[in-house]
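Numbering (my numbering), first residue to last: 17 to 142. What follows is one structure encoded as structure tokens, with my remarks underneath.
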């Protein structure tokens, strides 16, 4: 009985592990696709039959101008909050002040170039 070479044995082990990895990837992709398909189906199925496509929603909104006007007014009247404004603990006033005082990217480039010496190239802004 002939014995397998070390390279053949290593190849067989790697092939087995590679196949197991590919099988896991395929199973994960299949699972992710099934999950996504189900979530989309749930979203569509929760809509009334006459409004379960974007086209039907667009047609309904343009046909019923009063509804479109109401939605537009509601969005326009909503109190939009600046992302750096302190809201529900998002950012403290002190952190906002630090962020506001950081300066622009051009300020950073100018400071970097002013402090670099030797063979380092200067940064350029577009």
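For every residue, glycine included, the Cβ atom is placed at its ideal position computed from N, Cα and C.
| So, using beta-carbon positions, are residue 76 and residue 70 closer together than 8 Å? | Against the chain shown, residue 76 aligns to sequence position 60. Against the chain shown, residue 70 aligns to sequence position 54. Cβ atoms of residue 76 and residue 70: not closer than 8 Å.
| Pairwise C-alpha distance: residue 22 and residue 35 | Taking the chain shown and counting its residues from 1, one reaches residue 35 at position 19. Taking the chain shown and counting its residues from 1, one reaches residue 22 at position 6. Taking the straight line from one Cα to the other gives about 20 Å.
| request: Return helix, strand or coil for residue 61, following the three-state DSSP convention. | output: Taking the first residue of the chain shown as 1, we reach residue 61 at position 45. If DSSP states are grouped into helix, strand and coil, residue 61 belongs with the helices.
| message | Would you say the beta carbon of residue 116 is closer than 7 Å to some non-hydrogen atom of the ligand GTP? | response | No copy of the ligand GTP occurs in the structure displayed, which carries no ligand at all.
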